Amino acid sequence: MNKKTGIFSKIYIFIIMAFFYIPIIYTVIFSFNSSRSLTHFEGFSLQWYEKMFNDSTMMQAVFYTIAIAVLATVISTIVGTITAIGLSKSNRIVKIVVEQINSLPIMNPEIVTAIGLLMLFSTLAVKKGFMTMLLAHIMFCIPYVILSIMPKLRSLDPNLADAALDLGATPWQALTKVIVPQIMPGIVSGALIAFTMSFDDFVISYFVTGNGVNNISIMVYTMSKRINPSINALSTIIILIITVVLILINVIPIIKDKKMKKENERI
Amino acid sequence: MRQFKSMAYPYIVWIAAMIVVPMLMILMYAFTVKGNDVTTFRFAFENFGRFFSDAIFVEVLKRSLFIAVVTTIICIILGYPAAYIIAQVQGKKKMILVLLITLPMWINMLVRTYAWMGILQDDGILSTILSFFGIEVKMLHTSFAVILGMVYNFIPFMILQIHTSLTKMDKSLIEAASDLGADRLQCFLRVTLPLSLPGVISGITLVFLPAVSSFFIPKLLGGGQFVLIGNVIESQFLTSGNWNFGSAISLIMAVIIMISMYITKKVDKGEHMEGGRFN
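Top line first, the protein sequences correspond to chains S and Y. Each residue of the first sequence is one higher than the last, beginning at 31 in the numbering used here. Each residue of the second sequence is one higher than the last, beginning at 164 in the numbering used here.
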């Protein structure tokens, strides 16, 4: 690459990044605004943070979001792992059919999945609220878990489990001591995807919830009709947590690598 | 080993109940009209007839498709160069750039869309800047705001998809082309671009699909008057409670999405064949 295009590239990337981050920076700045305005910054204050923590509907939404995300992640990771292992030993036709149906919630527009579940729950007369939202989240999380585990299972040597069984391991031991450790990276990334999908979900939650059970997305949607800077305060906290976690995830392996190298040098 | 097979059975029951049954319900409701009770359902195309004979609904459908197509095109035009530049960068810098693009995706979409409401407001920061140049335009509650919101939310998918296909590409092909006398533009048009098309295609899928069905972006940035097909489905289910008509509309939307995906894939294949002829 010659120098001239280098400068153009840098400017272009800078503009794109500005486009990405201006709304985020805007949110952070206006969360500290001393007035209600979303357009004029009138002075520094922490009042919106205070209001946020005292707002019971907001705190409830945060609680429901986290509770559902944690439960949905744990359940869908366990079920997804069990199913993926089962599928890898099933015959071809079962495997293909299940994989096809499994990918439907990923391929379909969210709103289609949402109305399907809404009609299902209403027809069965399930009381809408925490339970229906949790069931819906488990439903759309499992496919992602299975999808991220299947490639790991495909590259697994099928003789490994057989060897364990021949050497006297019980099927349970073969499973937990041989298969699961081998596919752990897939399980972990599946769980991570499940957690973020659940944490960020709006469309499906919006359709299947009821009785005042809201998550953060639904709350922002319903509150956005009137200006409420507390949303900015909450957003800022979410942005902060996500940024720190993402940086840690990306930096820790680098630090570990460096430490390993140093230790290797010492040896 | 075979005993592990049964581990998939519970999930088969689960998908039958949670995925297959809801899909069948959408089909059933779409092709029936409301009766007094379940037994009086009858097979009918009335829901579809009502949709296509009503000028308002057809208008909404056209607008949704227009907005989604424009969003997708802008995402390609703006996203391709960005992906291309990032693909050239190496090492730590590349990792940071990819991280910077993925980071906003982890932040709740509604939160990010809400931020644009403040920026685009009539006396907001953007209109203040524009008024320095003597430009007075209303931005919030226009198609511009909706398209902007969609591009903002969906462009990272496009960039990442194109970036992946560009980095996977065999670099020696470009070297070979330039050794054989192709200049940089030719290298790009004849080698890089055709090889990155699969990335563009999957990017289109990831942008067009949510753009056509989105309903909170038009609601937040387009205002109450700005209705897209997603908003119609929402109101059929949550306000007027007409499941039959709502199911029919979502079926129409799903079919349109399938057709567009099919065309996109066809075009992709066609271009490959053309490339084959040139080679």
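Glycine included, each C-beta is placed from N, C-alpha and C at the ideal position. Keep in mind it's a predicted model, so treat the numbers as computed, not measured.
Q. Using the C-alpha atoms, what's the distance from isoleucine 318 of chain Y back to aspartate 431 of chain Y?
A. Straight-line spacing of the CA atoms in aspartate 431 of chain Y and isoleucine 318 of chain Y works out to 20 Å.
Q) Is any beta-carbon of chain S found at less than 7 Å from that of isoleucine 367 of chain Y? A) no
Q | Listed by chain order, chain S residues near asparagine 271 of chain Y by CB distance under 7 Å | A | Asp230, Ile246, Ser247, Ile268
**Q.** Selected residue, minimal CA-CA separation from lysine 382 of chain Y, among Y/Val196, Y/Met416, Y/Ser398
**A.** Y/Ser398
Q: Ignore the nearest five residues each way along the sequence and tell me which others in isoleucine 412 of chain Y's own chain have a CB closer than 7 Å to its CB.
A: Only Phe214, Ile392, Val395, Ile396, Gln399 meet the Cβ criterion.
Q. From this set, Y/Val390, Y/Phe379, Y/Val300, which residue's C-alpha is nearest glutamate 222 of chain Y's C-alpha?
A. Glutamate 222 of chain Y has its Cα closest to that of Y/Val390, out of Y/Val390, Y/Phe379, Y/Val300.
Q | Three-state secondary structure (DSSP) of valine 370 of chain Y | A | helix
Q: Select from S/Asn262, S/Val58, S/Gln203 the residue whose C-alpha is nearest the C-alpha of methionine 88 of chain S.
A: S/Asn262
Q) Starting from alanine 224 of chain S and walking both ways along the alpha helix (DSSP H), at which residues does that stretch end? A) 210-230
Q.
Below 7 Å on C-beta distance, what does serine 335 of chain Y contact in chain S?
A. The premise fails here: serine 335 of chain Y is roughly 18 Å from chain S at the closest Cβ pair, so nothing lies under 7 Å.
Q: Examine chain S for any beta-carbon lying closer than 7 Å to the beta-carbon of lysine 301 of chain Y, and answer yes or no.
A: no
Q: Return the CA-CA distance between phenylalanine 378 of chain Y and isoleucine 420 of chain Y, expressed in angstroms with no decimal places.
A: 16 Å
Q) Where aspartate 231 of chain S and serine 247 of chain S are concerned, what is the direct C-alpha to C-alpha distance, given to the nearest angstrom? A) 7 Å
Q) Which residues, taken in chain order from the segment 257-283 of chain Y, show a beta carbon closer than 8 Å to some beta carbon of chain S? A) Against chain S - using a Cβ distance shorter than 8 Å - the residues of the segment 257-283 of chain Y are Met258, Leu260, Leu262, Leu263, Ile264, Thr265, Leu266, Pro267, Trp269, Ile270, Asn271, Met272, Leu273, Val274, Arg275, Tyr277, Ala278, Trp279, Met280, Gly281, Ile282.
Q: Please confirm if glycine 287 of chain Y has its CB atom under 7 Å from at least one CB of chain S.
A: yes
Q) For asparagine 442 of chain Y, which three-state DSSP category applies? A) Reliability fails at asparagine 442 of chain Y, whose pLDDT of 35 lies under 50, so the model's placement of it is uncertain and no value is given.
Q: Counting only runs of 3+ residues fully inside the segment 97-132 of chain S, write out the beta strand (DSSP E) ranges in chain order.
A: Correct list: empty.
Q: Assuming alanine 191 of chain S contacts isoleucine 209 of chain S (C-beta within less than 8 Å), just tell me the rounded distance between them.
A: 6 Å
Q. Rounded to whole angstroms, how far is the Cβ of glycine 159 of chain S from the Cβ of proline 185 of chain Y, which I believe are closer than 8 Å?
A. Contact flag wrong, Cβ pair sits at about 19 Å.
Q.
Beta-carbon within less than 6 Å of serine 328 of chain Y's beta-carbon, same chain only, minus the 5 sequence neighbours each way: which residues are those?
A. Ser359, Pro361, Gly362
Q. Alpha helix (DSSP H) containing serine 152 of chain S: first to last residue?
A. 140-153 is the extent of the alpha helix (DSSP H) around serine 152 of chain S.
Q: Could you check what DSSP says for valine 196 of chain Y in three-state terms: helix, strand or coil?
A: Strand.
Q | Nearest to glutamate 80 of chain S (by Cα), restricted to the options S/Thr69, S/Thr95, S/Asn63 | A | Check the Cα spacing between glutamate 80 of chain S and each of S/Thr69, S/Thr95, S/Asn63: the tightest is with S/Asn63.
Q | Contact set between glycine 409 of chain Y and chain S, taken where Cβ atoms lie within less than 8 Å | A | Ile145
Q.
Do isoleucine 98 of chain S and histidine 167 of chain S count as a contact pair if the criterion is CB distance below 7 Å?
A. yes
**Q.** Host alpha helix (DSSP H) of glutamate 209 of chain Y (start-end)
**A.** 209-216
Q. Using CA coordinates, which residue listed in Y/Gly387, Y/Ile367, Y/Leu266, Y/Pro373 is at the minimum distance from asparagine 138 of chain S?
A. Y/Pro373
Q. Going by beta carbon distance, what residues of the same chain come within less than 6 Å of phenylalanine 220 of chain Y, once the five residues before and after it are set aside?
A. Phe214
Q. For asparagine 63 of chain S, does the three-state DSSP call read helix, strand or coil?
A. strand
(Q) Strictly under 7 Å for the Cβ-Cβ distance: is phenylalanine 50 of chain S near chain Y by that measure? (A) yes
Q. Taking only beta-carbon atoms, is leucine 329 of chain Y less than 7 Å away from chain S?
A. no
Q) Does DSSP put isoleucine 45 of chain S in a helix, in a strand, or in coil? A) helix
Q | lysine 288 of chain S - DSSP class collapsed to helix/strand/coil | A | helix
Q. From what residue to what residue does the alpha helix (DSSP H) around glutamate 338 of chain Y run?
A. 334-342
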